[in-house]
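Notes for the one structure printed next.
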Amino acid sequence: MNVYEGSLVGTGLKAALVVARFNSLVTEQLLVGAADALRRHGVADGDVDVFRCPGTFELPAVLRRVVATGRYDAVVALGAVIRGGTPHFEYVSAEVTKGVAHVAMEAGCAVTMGVLTCDSMEQALERAGVKAGNKGADAAAAAVEQANVLRAIA
Ligand SMILES: O=c1[nH]c(NC[C@H](O)[C@H](O)[C@H](O)CO)c([N+](=O)[O-])c(=O)[nH]1
Numbered sequence: 004m005n006v007y008e009g010s011l012v013g014t015g016l017k018a019a020l021v022v023a024r025f026n027s028l029v030t031e032q033l034l035v036g037a038a039d040a041l042r043r044h045g046v047a048d049g050d051v052d053v054f055r056c057p058g059t060f061e062l063p064a065v066l067r068r069v070v071a072t073g074r075y076d077a078v079v080a081l082g083a084v085i086r087g088g089t090p091h092f093e094y095v096s097a098e099v100t101k102g103v104a105h106v107a108m109e110a111g112c113a114v115t116m117g118v119l120t121c122d123s124m125e126q127a128l129e130r131a132g133v134k135a136g137n138k139g140a141d142a143a144a145a146a147v148e149q150a151n152v153l154r155a156i157a
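In our numbering, the protein residues as written are 4 to 157.
Structure below.
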């Protein structure tokens, strides 16, 4: 039986972190977690680029352009959609999920999802390094593994 899987060794990988500014109290912590995870997995600091966009809705468009450069092995989307008093939450959440998934399927590199969709700021902060881990770090580690399994297949 032949098993193809990605290691968590990120040495030599080039990575991009695409982060939304909206809810920056949360997204900056997702960015810190993602950058730390890449470093701990051996990705050189000089091989990590950060791109910022206004909000989560804009993430897919920036992701698509970053992927199209062909410069990266792993690209991570970071954002925080937090429910407010209107249905806007549902629309933004749905579109960003579809958009990131579409870019990921068309990409020749790893694209992972570090976008929180939460009912409250407290929930979001808990998942950005407070009580429930850091989803930015999780998405970065997944990007290393995904980049390596894609390399193993190619
Ligand atoms: O990143 C977010 N953008 C949000 N809206 C802005 C959106 O992403 C776009 O930047 C904006 O609509 C301009 O296109 C959010 N809400 O409105 O709820 C949110 O919670 N998170």
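Cβ atoms here follow ideal geometry from the backbone N, Cα and C, with glycine treated the same way.
Next item on the list: Find out if the Cβ-Cβ distance for the pair Ala-40, Asn-137 is shorter than 9 Å.
Entry: yes
Checklist line | Within 9 Å, strictly: CB atoms of Val-103 and Pro-63 | finding: yes
Margin query: Could you tell me the alpha carbon to alpha carbon distance between Ala-157 and Val-53, rounded to whole angstroms?
Written below: 27 Å
Check: Expressed to the nearest angstrom, what Euclidean distance is found between the alpha-carbon atoms of Thr-14 and Met-124?
Finding: 35 Å
Next item on the list: State yes or no: is the C-beta of Thr-100 nearer than 8 Å to some heavy atom of ligand 1?
Entry: no
Item checked: Inter-residue Cα distance where the pair is Gly-139 and Pro-90 -> 25 Å
Item checked: Span separating the alpha-carbon of Val-114 from that of Ala-135 -> 23 Å
Check: At what residues does the beta strand (DSSP E) containing Leu-153 begin and finish?
Finding: Leu-153 -> not in any beta strand (DSSP E); alpha helix (DSSP H) instead, spanning 138-156.
Notebook entry, point to check: Where does Thr-120 land, buried or exposed, given buried means 16+ other C-beta within 10 angstroms?
Noted result: buried
Note to self: Quick check on Gly-36: does DSSP put it in helix, strand or coil?
What the structure shows: helix
Check: Is the region 73-88 touching the region 17-26 in the sense that three or more CB pairs, one from each, lie closer than 8 Å?
Finding: yes
Next item on the list: In angstroms with no decimal places, state the Cα-to-Cα distance between Ala-83 and Ala-97.
Entry: 13 Å
Next item on the list: Pull up the distance between the alpha-carbon of Glu-93 and that of Leu-33, whole angstroms please.
Entry: 21 Å
Next item on the list: May I have the straight-line CA-CA distance separating Thr-30 from Met-116, to the nearest angstrom?
Entry: 13 Å
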